[in-house]
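Scroll down for the structure; my scribbles are underneath it.
Residue numbers (the working numbering): 31 to 224.
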């Protein structure tokens, strides 16, 4: 994404002699917006759907009913660990995504003739530790969203094998919608605080 933003931004910024601001645009976008958002969307499609399918299959096979019969709470036994993992691991993957975005933008700027020290200085003046903290905080919220929705959709699975696929699809669609809604709320709060 950093590579794409850098390429798309290079020509319009060149008209004003402001190509140096590609670093600002890529740095801020990768750290605060695109890193957390893209990580969450990919995890919603991969892990959120897997959570829904796994729990949904257990429901169809009446394994959830067996857990209840044994006196175990299915939510505590099956969902709590998945939601905790989503909250804790999404920020780690987000750091990787942030780095990849910054690397892509840096490659574009190097190809435009900027030196690495100039690129680093420009990014460092725009991206601060607060921005990284906000991006990682958002990723924790997004992790909670996709993992909780995946588990919820799994528990809501109907009867029959076809309902497992429907639950997985619903988990992905609902997760992506809620992630975008949450990001919109974060952006609104950030806009009105400045």
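Note that the Cβ used here is the ideal one computed from N, Cα and C, for glycine as well.
Bear in mind that the values here come from a model prediction, so they are computed numbers and not experimental data.
Asked                                                                                                       : Found
Exposed unless 16 or more other CB atoms sit within 10 angstroms - verdict on residue 95                    : exposed
Sequence-distant residues of its chain with Cβ nearer than 7 Å to residue 52 (five each side left out)      : 36, 39, 40, 43, 135, 138 and 139
Ranges of the beta strand (DSSP E) found wholly within the stretch 37-125, counting only runs of at least 3 : none
Enclosing alpha helix (DSSP H) for residue 148 [first to last residue]                                      : 146-156
Residue of 219, 217, 222 and 213 minimising C-alpha distance to residue 68                                  : 213
Cβ-based burial, residue 211 [other Cβ within 10 Å; buried from 16]                                         : exposed
Reference residue 77; option with closest CA among 222, 183 and 190                                         : 183
Given 8 Å, three or more beta-carbon pairs between the stretch 162-182 and the stretch 200-211              : yes
Top-ranked residue by Cα proximity to residue 153, from 79, 208, 185 and 50                                 : 50
Residue 65 and residue 127 closer than 8 Å at C-beta                                                        : yes
Opening and closing residue of the alpha helix (DSSP H) in which residue 170 lies                           : 159-185
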